[in-house]
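According to full-length UniProt numbering, the residues represented by the sequence shown are 1 to 1165, in order.
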Amino acid sequence: MKRDMKQSSLTSFFTKVPGTPKEKASSTLSADKKDDAGGSSSKGDKLGLGSSKELNFDESFSNSKSVKRNHHSVIDDSDDSPSPTAKSKQKRRRVYLDSESESDFEAENCENKPDSKNKNYAAAYTPKLSRVLSKVSLDSTKKGLGSKFQEAFAKVSNSKPLKASDIDLSRVVEDMEFTQDLDKILEAKSSSPEDNFVHLTFDFLKPDKIKDANGRRPDDPEYDGKTLYVPESFIQKQTPAHRQWWRLKVHNYDTVFFFKIGKFYELFHMDSIIGHDHLGLSYMRGNFAHSGFPEMSYGRYADQLISLGYKVARIEQTETPQMLEERCKKQKVKDKVVSRELCQIGSIATRIYVPIDEFKRKGNYEEREDDKYLMSIYFTLKEKDIYSFGVTFVNTTVGSFYLSQFTDDNVNSGLRTLLSHFQPTQLLIEKRCSRKIINLLSSVLPYTQFEYLSPKEEFYEPEKTLYEMTEEKYFGSSIEEWPEIFKGFLYSPSSAIPKVKGEFYECIKSFGGLLFYLKRFLIDVDMISMRNFTFIRPQDADNSLDNIKNTSNQWDKRCLILDGDAIYQLNLLPPLRPIGVKTTVQSKENKINLYSTINCCSTTFGKRLLKHWIRVPTCDPTEIQKRQSSISLLCKPEYSDLCRSVSKKLKALPDLEKLLQKNHSNASKYRKESHPDGRAIMFESKIYDRRKISDFVNMIKGFGIIIDVVDTLQSSGILDSNDSALKDMFGGDFDFTLDEVNSFTKSFNQQEALKEGMIIPNPGVDCDFDEAVREVNDCLKSLTDYLENLMVTMRCQKLKYIMTGKNRYHIEVPDSDVKKLPTGFTFQSKTKGKQRFTSDESLELVKKLTLAEENKERIRRDLSRKIYHYFDEKREKWDRGVKKISYFDCLLSLSIYSLTSGLEMNMPEFDYDSSQPYINISEGYHPLLAMNMDRAMKFNGSKSSVYIPNDTILGNEKGVAMLMTGPNMGGKSTLMRQVATLVILAQLGSMVPAKSMKLTPVDRIFTRIGASDRIFGNESTYAVELNETNRILRGATKHSLVIIDELGRGTGTMDGLSIAGATLEYCASKIGCRTIFATHFQSLCTAFKNHNDVFLAHMACHNDNETNDPTDANITFLYTLTEGSCTQSYGFYVAKLAGLPDKLVKKAYSASLRLSHTDADIVCR
């Protein structure tokens, strides 16, 4: 209810009652007379029945100034809104809009004085009735109508109060033909406002007639959904401001416009409906959809729509009415509205958080917010089912680009891996591309928004892309100064015309599509000018380890590869949240993932790096050893106080990666001089400047904290160890010093800057400003010297300068001393007993002072940007320091996890010399479940229990493949996931929850767990199983770890059994990789009982009640891995636990006995 009252207050300030100046004056005069007469006018006059005009959308649209839209106050600025003349105890505001001058809102007060008899009721309903009745157009020939309204109003006042939902007089009076029978109007129910909006009648918006800007219908392959065809004849009929709106809409039909009018952002037509439905904005009166909100609320409302998957365009006024007047005079035109430009488009993956985007959020927003990647992909077919992919990602919040070029296999393993690592929220792809790839992308990225761009025009060719990069706002014409990555893409970096190498064609092509999109969203320069580019490979280029003896050198700079299936099925990261679904609180089971379990990071950028470590664990021996050594040091008791102290300091750090990107945008000269945002007229600019300064001050303090952390580590003695990563990062000179940080801290008065919203540097910081200040001081000194010399000449100490208005530096002389003035002085004005004069010399000095002051002011306006720029020039230093702190934060997190897990933790041992891969785990725990038993899913409401550790051996004295059986719910899948998760944790460099663990490095983990179809990929459950199996057989090496759970259950028994057996044989004998294969096929155990590379194991259980009746069975799951196979799956016992009827379970058991002795086609009776 409170929200509705607040929003309804907006509507009263968009009531349009145009009239002549005489009518307005008489209205004000009439109000004054009423006030003087003690309010003796009739109720009909009070209700405003004399008004005959309604709100006109086109006229209201052209206003450039607004007022505070509430029922109780109007803006205080006398230049914007005249003060009201009528006063009463109960008031309502009516706002007059001047459509021609686009300058002022005139506010008028209308009195409502209800009878004392019905005071409470009338006080509540009079304003609403007044608004309704003031809009009614009355025929002057109708007599006695005023009395009819009075009678009707009296009837309403004496009746039982109506609910707000029962009647909407505004719509009733507009939509019904006015008659003298007002009873029917008052009794009528309101119709839905959405049914009557005028834009629903526009032919060019109707689904059967809608076209893009080029006249193509949606069924045309070249249809461009970003644009809209609007007839020029329709646009010409609109007012100038409304023409602005429609012309922008033609090219941005897929965005919601926040259109600036004065101090408010307005939403119209279809955009207003979205604002009403999703933001709770109230419609304003009129037959068109119209709503709005104040400028200061932009960040909150834009964030809500963007999080729901909408694109939001911010359209600003880029000139004031005075600037409009000057432009019209200069260009000899007669424009009636100020210029407006599109300044920003925001989407779920293209946000950069300029100051107007900021707003207060509840809780730790940065903790909940995931990185949003925008992805562009281009591919060419090399041969059948073999594609060459070029992929570019960008994280706009930190300004990081990731580029990749690779030729994939026929199951697209590389692309799947890459997508699992970055998980884009928006994807750009060319129109008319391969349906196979579209299906693959749709299947792997179910929550990603797809954007289809036109070839060449929007998905730039490499030649055009590289030519664009030669612009000064990007890389510049000197290719030698381009980023190293881009120079590596070119044939000859010294060439004047850049030309891409053939092997990087797809990569630059994908970057071209991304460039177009960033340009459309007006953030291209902000991103590209940061020059933060990284080239990545989704997987190793070859499988050279297969035929080479395992040595530590072969693992240098290699990573453990995890695809999307492994990340999801092993619960490594929090699940992706669908766009547009508001999930503020995750379910308990969704919180159980490896990241949430080991995440004890203190900084946002540390959390970001920890997620990257989990996606890409390392195989590099040196890196693993340095991480292990560092974590072991941090876990020592003598450094516990140090860890607590450092962790507390790190928690005070803001997200420095985002702040560096923000500062880069604030420092951009291009954004200030050439970007539309630099021309925007912001009514709350001082607040936005304060936000910039606040971010800058917090950033400086953050880097000061980093220096403090480094000093603490250097003085603690923890850096004495030679083989730790800590000494490499902090043992020598750090990337920046405290003096460098303090040079910015002391460069200006921070408190004064935050108060004034402008940085004024201290002397010695900016040479240009120092010179401008000196020139002003010299001019002031010259004026002072001139006056002192005049005092001496006239022998009068009472001379002084007048400093007010246009009389600045006029010399005030007492009347008694006027005769002493030398020749050459001109009389200007006089006051009692004093006269004021100027001379040619004094005017010349004042002119020089004015020019000096103007120059100082011009430099002062750009001072904040220059200070940001000085800081941004050292961005590489700051960035290196942030990366080291994020690395240290991850090490500290893993050490805290090791100390607080409550489990026995030990450092795993890696064997780089063994010729045969193996894993040997003693008393291992599942890192997730062992610490979350109270939150784990319990079947049948069982009580919390203790996690049972298990020994697991693959390779060495046993075969490389384990064929595991056991009862349903016996823990098979948990053990498989446990082994894979412990391997990942070990290759993070962390301690693992096990008594001991020794292994050779794992180059890739494959998982085939669970079963479900993929409706968007046109894959059945069995097809999904086989496709995942195909990727395993084609991508696994002998150093891989393969997890396969119940392969073959999605088809017939014999078919599934055969496929499962052949797959196990291939993995164990052909590839020789470490494999855990779980099954319920007892025949497989018989077939592999004596296999050299396969050994049998099962999860043990005990039947406490040996009986032939499964409903009487009482199974105890031991959750212990035991040698040999399990003779039963105890599926009927699980059916009993699930609550199936006893009779049904018994009948099924009888059928199973028959099937075990007869053919499989016997039908159960």
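Cβ coordinates follow ideal geometry from the N, Cα and C atoms, glycine included.
query: Through-space distance from threonine 622 to glutamine 554, alpha-carbon basis; result: 12 Å
query: Where the alpha helix (DSSP H) through arginine 432 begins and ends; result: Counting along the chain, arginine 432 falls outside any alpha helix (DSSP H), and DSSP gives it neither H nor E.
query: Other residues of its chain near glutamine 1082: CB distance less than 8 Å, five sequence neighbours each side excluded; result: Thr965, Ser1125 and Thr1127
query: Residue of Thr1079, Ala1062 and Ala1078 minimising C-alpha distance to isoleucine 1071; result: Ala1062
query: For phenylalanine 204, three-class secondary structure by DSSP; result: helix
query: Secondary structure of aspartate 770, DSSP reduced to three states; result: helix
query: Where glycine 346 falls: helix, strand or coil (DSSP); result: strand
query: Endpoints, the alpha helix (DSSP H) within which serine 1040 is located; result: That residue, serine 1040, is in no alpha helix (DSSP H); it is neither H nor E in DSSP.
query: Beta carbon of arginine 217 nearer than 8 Å to that of lysine 226; result: no
query: Neighbourhood of tyrosine 670 by C-beta, 6 Å cutoff - its chain only, sequence neighbours within 5 removed; result: Lys473 and Val525
query: For arginine 247 and glutamate 319, the rounded distance between their alpha carbons; result: 18 Å
query: CA-to-CA distance, isoleucine 352 to arginine 416, given in whole angstroms; result: 28 Å
query: Where the beta strand (DSSP E) through threonine 1120 begins and ends; result: 1115–1123
query: Opposing strand residues paired with alanine 1097 [DSSP bridges]; result: Met964 and Glu1123
query: Cβ contact check for the segment 704–722 and the segment 759–778: 3 or more pairs under 8 Å; result: no
query: Check whether aspartate 620 and arginine 537 have beta carbons under 8 Å apart; result: no
query: Reduced DSSP secondary structure (H/G/I, E/B, other) of alanine 1151; result: helix
query: CB-CB length for aspartate 911 against lysine 1038, believed under 8 Å; result: About 14 Å; that fails the 8 Å criterion.
query: Reference proline 822, options Asn807, Lys848 and Leu787, closest by Cα; result: Leu787
query: Three CB pairs or more closer than 8 Å across the segment 1029–1037 and the segment 947–965; result: no
query: Cβ pair tyrosine 265, histidine 276 closer than 8 Å; result: no
query: Cα-Cα separation, tyrosine 452 to threonine 604; result: 33 Å
query: Extent of the continuous beta strand (DSSP E) run through threonine 737; result: It is not in any beta strand (DSSP E) - threonine 737 carries neither H nor E in the DSSP assignment.
query: Nearest candidate by alpha-carbon position, reference asparagine 214, set Val230, Thr831, Gln449 and Gly488; result: Val230
query: Limits of the unbroken beta strand (DSSP E) element including tyrosine 402; result: 400–407
query: Counted within 10 angstroms of its Cβ, other Cβ atoms place cysteine 1073 as buried (16 or more) or exposed; result: buried
query: Contact the segment 886–898 vs the segment 639–654: 3+ CB pairs below 8 Å; result: yes
query: Alpha-carbon spacing of valine 946 relative to isoleucine 984, whole angstroms; result: 24 Å
query: Residue range of the beta strand (DSSP E) that includes alanine 313; result: 311–317
query: Under 8 Å between C-beta atoms of alanine 1100 and threonine 1086; result: no
query: At least three beta-carbon pairs within less than 8 Å, the segment 650–664 to the segment 395–413; result: yes
query: Continuous beta strand (DSSP E) assignments of at least 3 residues falling wholly in the segment 782–855; result: 800–802, 810–814, 825–831 and 834–839
query: For glutamate 266, the residue or residues it bridges with in DSSP; result: Phe259 and Gly292
query: Distance CB(valine 765)-CB(serine 782) smaller than 8 Å; result: no
query: Segment contact, 8 Å Cβ cut-off, at least three pairs: the segment 462–478 with the segment 496–513; result: yes
query: Three or more C-beta pairs below 8 Å linking the segment 593–601 and the segment 675–694; result: no
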